[in-house]
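Numbering-wise, full-length UniProt numbering puts 416 at position 416 of the sequence shown, and it's gapless, one number per residue. C-beta: ideal position from N, C-alpha, C; glycine also.
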Amino acid sequence: MSVPDVTVVLPVYNAMPYLTRCLASLAAQTIGADRMEVVAVDDGSTDLGHRHLDRFARRFAGRVTVLRQPNSGGPAAPCNRALDRATGRYVFFLGADDQLGPEALERLVAAADRYDAEVVLGRVVGVNSRFIHQEVFAATRPEIGLDDPALSWSLANTKLFRRDLIERYGLRYPEDMPIGSDQPFTLAACHHARRVSVLADYDYYFAVRRLDARNITYLSRAEERLACAEALVAFADGLIGPGPARDTVLTRYFALEVGALLADDFLRLDRTTQAKLHAGVRTLAERHLSARIAGRLAVETRLRLAVARHGGLDDLVAVIRQDAERGVPPVTMVGDRWYATYPGFGPTADAGAAGGGAVGGSDAADGGAADGAADGGDAADGGADGGDVGGGLPDQVFDVTDALPQWLAKLDVTSVGWARDRAGRTVLAVHARSPLPDLDARASTLAVLAEEVPGGEVQLTRQEAATSVTALFEVAALVAASAVTGQRRAVRVEVTVAGDNGSAPLRATRLNASRPVVCRRGRRLYAVSPSRDDSGRLMISVVPLTPRRVVARLAQRR
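Here's what the structure looks like:
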């Protein structure tokens, strides 16, 4: 029997009914059964998935191997066991919940051979409103490196790997990581590969969000997420030498894995767990968060990391609660510096008067001052010249002078609802607030976007101590811009101040839930609905209506 071009590694754990579609997508691969082998590992499933695996193996006798083992608690062990049995020139990892486009494997193998690439990324799209970072798939690229932020934000294992690369470096999944174990494997492969390529010409992989939301990622505990973040940061720091690539990868981990530990849902944790997360994040920041890395983080993430590093647990809780429950705080000017007046900052009355008092709002820390706070904090990093202007935390933590555009982009949602525009079209009306009364005078341009979909011409209305901002998203435009499988979009605000651009996610601090509206696109029906994610961002979901999804939603309401 000839050596197959690709081995598909398929770890399976209670994946019904999604497994049936996954297997169907494998059976439909145009690469053909003679060029493909499948090694499926049933990790102690208790559903009826084993019957479908056995039927699939009989259908493709000699090309499908089904292994069974007691549940290991995560995908690492079954992936490693499958790797030990793989014989293909290339290896591709497929989640049992997910599906492949019919030409996926054929196109991936052809591209790997054409570019002499050892790792190939094919475009991944989300299903059932699963959010997938799309920056890396903006265009087909024969070569990309880890110093490119787009690659560092796409470190899932949904890629084609040359098996010789895997065996040459002895790459395997760390089995002591119940979540995130694919990332060290993928990071090491991308780091060692002679060439990594990206394909954006086809929908290769459909990443499915389970309607029952019962996979291990959704149910993972806070302590496990902390352990995962610690392991990933330590692994990247030890694997990659100092330089742009390591900074870029660590930026991703602080922005996502570490930053997520301090998201709004931090407030729902018990005090003991909050203390564990605070201590762990503080240690990570002290050891690995340089000024260069901090300077590349989003405003809110950088501020919270700086507070975690320099303040106590109560300081951190107070800052998160301000964002999550009270909205953007005002800013005050002290000398020639602007500071966000979050809890923990308390300038003297005289100092505040010198700058004209509180006039705006912010997420702080996107200025160089926060870089200093994150890296030990000195004036050369953009902070004040030492000492605190008030309160118990270093003033650098709250300095937003060098981030005015990002600061002005910080808005809070006041309401979201369905309406009709002047042309009679159904629109999602998003109303937000800035604590700056003259936002229109300070920002030369302001736009509200759901990724690439604009919220129409933004209306700004001055109020006594704030500015009201209104954007209208046409429902038909949201549906037309979405993939057939649906899409989940983060809403952001973009402003221009004195020629400098700034952007920030639109926070849904006071979101009132709105019922979905249904829109037709061709023969398909889609539900469009606003929501608030765990980090407090306003999201707009476009989801295809299927009988299975309707039944699942009705079951959730019982």
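- For the pair ARG488 and SER2, the Cα-to-Cα distance works out to about 43 Å.
- Here VAL125 is not near ASP182, since their CB atoms are 7 Å or more apart.
- ARG532 carries a strand assignment under DSSP once its states are collapsed to helix, strand and coil.
- Apart from the 5 residues on each side of it in sequence, ARG209 sits with its Cβ closer than 8 Å to the Cβ of GLY126, VAL127, ASN128, SER129 and ARG130 in its chain, given in chain order.
- The continuous beta strand (DSSP E) containing HIS431 extends over residues 426-434.
- Only residues of its own chain outside the window of five on either side were considered, and among them VAL319, GLN322, PRO329, ALA364 and PHE398 have a CB closer than 7 Å to the CB of TYR342, listed in chain order.
- For ILE540, the enclosing beta strand (DSSP E) begins and ends at 538-544.
- For ARG442, the closest of VAL427, THR426 and ALA466 by C-alpha to C-alpha distance is ALA466.
- Within the same chain, and ignoring the five residues on either side of ASP438 in sequence, the residues whose Cβ sits closer than 8 Å to its Cβ are ARG462 and THR467.
- The DSSP-derived three-state label of THR272 is helix.
- Residue state for SER181 is assigned as coil, using DSSP reduced to three classes.
- By DSSP's assignment, GLY417 forms a beta bridge with ALA429.
- For GLU300, the enclosing alpha helix (DSSP H) has its first and last residue at 299-310.
- The beta-carbon separation of HIS191 and ILE240, rounded to 6 Å, stays under the 8 Å limit for a contact.
- Assignment of ASN80 by DSSP, reduced to helix, strand and coil, places it in the helix class.
- The Cβ-Cβ distance between VAL39 and VAL12 does not fall below 7 Å.
- As DSSP reads the structure, SER503 sits in a beta bridge with GLU494.
- The alpha-carbon of THR401 is positioned some 40 Å away from that of SER197.
- Here ARG420 is exposed. Its C-beta has fewer than 16 other C-beta atoms within 10 Å.
- The secondary-structure analysis by DSSP pairs TYR169 with nothing; it has no beta-bridge partner.
- When secondary structure is reduced to three states using DSSP, LEU256 falls in the helix class.
- If you look at PRO149, you'll find it in the alpha helix (DSSP H) that goes 149-152.
- DSSP places ARG442 inside the alpha helix (DSSP H), whose first and last residues are 439-442.
- Secondary structure note for VAL479: its alpha helix (DSSP H) is the uninterrupted segment 475-480.
- With a cutoff of 7 Å on beta-carbon distance, GLU37 and ARG63 are scored as near each other.
- One Cα belongs to TYR253, the other to ALA423, and the distance between them is close to 45 Å.
- By the neighbour-count criterion, in which a residue is buried when 16 or more other Cβ atoms sit within 10 angstroms of its Cβ, GLY238 is exposed.
- Straight through space, the alpha carbons of LEU23 and VAL120 are spaced by roughly 22 Å.
- In the displayed model, THR467 falls within a strand according to three-state DSSP.
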